[in-house]
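S.K.: Residue numbers (our numbering): 920 to 1033.
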């Protein structure tokens, strides 16, 4: 039997819930919504690093955060980015809250055409 574009997969198992959130979504998808609306999540800076040196983003490869010539901001909880590579604890908290409270997808929403 040939499968055509108009063929629909069986939706007999549409009641089963699957939590389909990949690590790629964790790394890219969730933070994007925060970066687009930082104030909604209590952040004042989307791209500027809390700890580092250099304008405009307070990020240079050297000196690294923790050295005498790199300084940390007074309120890390208002920043998404810690050092240009890592997120702040506040952003990790938002990130994990989003992950744990994500609405699970049903099998039908992933595999069945409507």
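Cβ coordinates follow ideal geometry from the N, Cα and C atoms, glycine included.
Quantities reported herein were computed from a predicted structural model and do not represent experimental measurements.
Quick one: which unbroken beta strand (DSSP E) runs of 3-plus residues sit fully inside the stretch 949-997? Chain order, please.
M.R.: You should have 964-968.
S.K.: Around the C-beta of residue 1018, are 16 or more other C-beta atoms found within 10 angstroms, so that it is buried, or is it exposed?
M.R.: Taking the first residue of the chain shown as 1, we reach residue 1018 at position 99. Flag for residue 1018 reads exposed.
S.K.: Answer with buried or exposed for residue 943, where buried requires no fewer than 16 other C-beta atoms within 10 angstroms of its C-beta.
M.R.: Against the chain shown, residue 943 aligns to sequence position 24. With a pLDDT of 49 at residue 943, under the threshold of 50, the modelled position of that residue is not reliable, and the figure given next carries that caveat. Exposed, since its Cβ has fewer than 16 Cβ neighbours within 10 Å.
S.K.: Between the beta-carbon of residue 1016 and the beta-carbon of residue 971, is there less than 8 Å?
M.R.: Against the chain shown, residue 1016 aligns to sequence position 97. Against the chain shown, residue 971 aligns to sequence position 52. No; because the gap between Cβ atoms is not below 8 Å, this pair is not in contact.
S.K.: In angstroms, rounded to a whole number, what distance separates the CA positions of residue 959 and residue 1012?
M.R.: In the chain shown, the residue the question calls residue 959 occupies position 40. In the chain shown, the residue the question calls residue 1012 occupies position 93. Straight-line Cα distance between these residues: approximately 14 Å.
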